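Now the structure itself:
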């Protein structure tokens, strides 16, 4: 059986993948994550997941590569990670009191085959006060997170409901990932 490599340095993806009971190693690819002009969120996360998988497959051609990329989107606008406190406040002001989508592209690739999926989850955010935003920023949790929040942490208190996969919002939709791993023979 081929060895599985997770093409991600994300501790959240590693933790989620462990829940599937598969052995894997980690190789974090270095790719350009810039958005292409007029690129829609679903196409963006799928492209990045495939580029990450391809980059790692070139180094490990006998392995099975699992790669993923997650973004937050609202009104067809891709929301990235906060650059600084002001940017985080801009993001939260946009998300506050509204529903947005969290999309994750997942790619499982071998030298012989490739399977991709994009999963979308609707996330409702409560109205956030400036005081709540300030306290949340001070927690350091939003740094490095798509949409400037982590649903599995403090931000859970700001989210009255989601529609779809919770693990997708964390960063790796487990049901769909398991199906892709079955397709290449790594899960029964």
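Residue numbers (this note's numbering): 6 to 193. Cβ atoms here follow ideal geometry from the backbone N, Cα and C, with glycine treated the same way. Quick caveat, the model's predicted, so the values are computed rather than measured.
Does the beta-carbon of residue i have 16 or more other beta-carbons within 10 angstroms, so that it is buried, or is it exposed?
| i | result |
| --- | --- |
| residue 187 | exposed |
| residue 152 | buried |
| residue 105 | buried |
| residue 16 | exposed |
| residue 41 | exposed |
| residue 155 | buried |
Which residues does DSSP pair with residue i in a beta bridge?
| i | result |
| --- | --- |
| residue 127 | 106 and 168 |
| residue 120 | 113 |
| residue 73 | 111 |
| residue 78 | 83 and 106 |
| residue 9 | 69 |
| residue 30 | 10 |
Please decide whether residue i counts as near chain C, where near means a Cβ-Cβ distance under 8 Å.
| i | result |
| --- | --- |
| residue 44 | As a matter of chain content, chain C is missing from the structure shown, which is built from one protein chain. |
Please classify residue i: does DSSP put it in a helix, a strand, or coil?
| i | result |
| --- | --- |
| residue 192 | coil |
| residue 99 | helix |
| residue 133 | coil |
| residue 148 | coil |
| residue 25 | coil |
| residue 159 | helix |
| residue 173 | helix |
| residue 49 | helix |
| residue 141 | helix |
| residue 18 | helix |
| residue 38 | coil |
| residue 181 | helix |
Return yes when the Cβ of residue j is within less than 8 Å of the Cβ of residue i, no when it is not.
| i | j | result |
| --- | --- | --- |
| residue 53 | residue 176 | no |
| residue 73 | residue 109 | yes |
| residue 10 | residue 33 | no |
| residue 130 | residue 162 | no |
| residue 126 | residue 85 | no |
| residue 128 | residue 69 | no |
| residue 19 | residue 179 | no |
| residue 121 | residue 55 | yes |
| residue 141 | residue 159 | yes |
Give me the residue from the options with the minimum Cα distance to residue i.
| i | options | result |
| --- | --- | --- |
| residue 63 | 35, 79 and 84 | 35 |
| residue 8 | 18, 65 and 49 | 65 |
| residue 189 | 112, 101, 168 and 127 | 112 |
| residue 60 | 43, 116 and 101 | 116 |
| residue 95 | 58, 79 and 50 | 79 |
| residue 14 | 149, 174 and 154 | 149 |
| residue 119 | 182, 24 and 178 | 182 |
| residue 139 | 57, 90, 180 and 164 | 90 |
| residue 44 | 155, 107, 83 and 100 | 83 |
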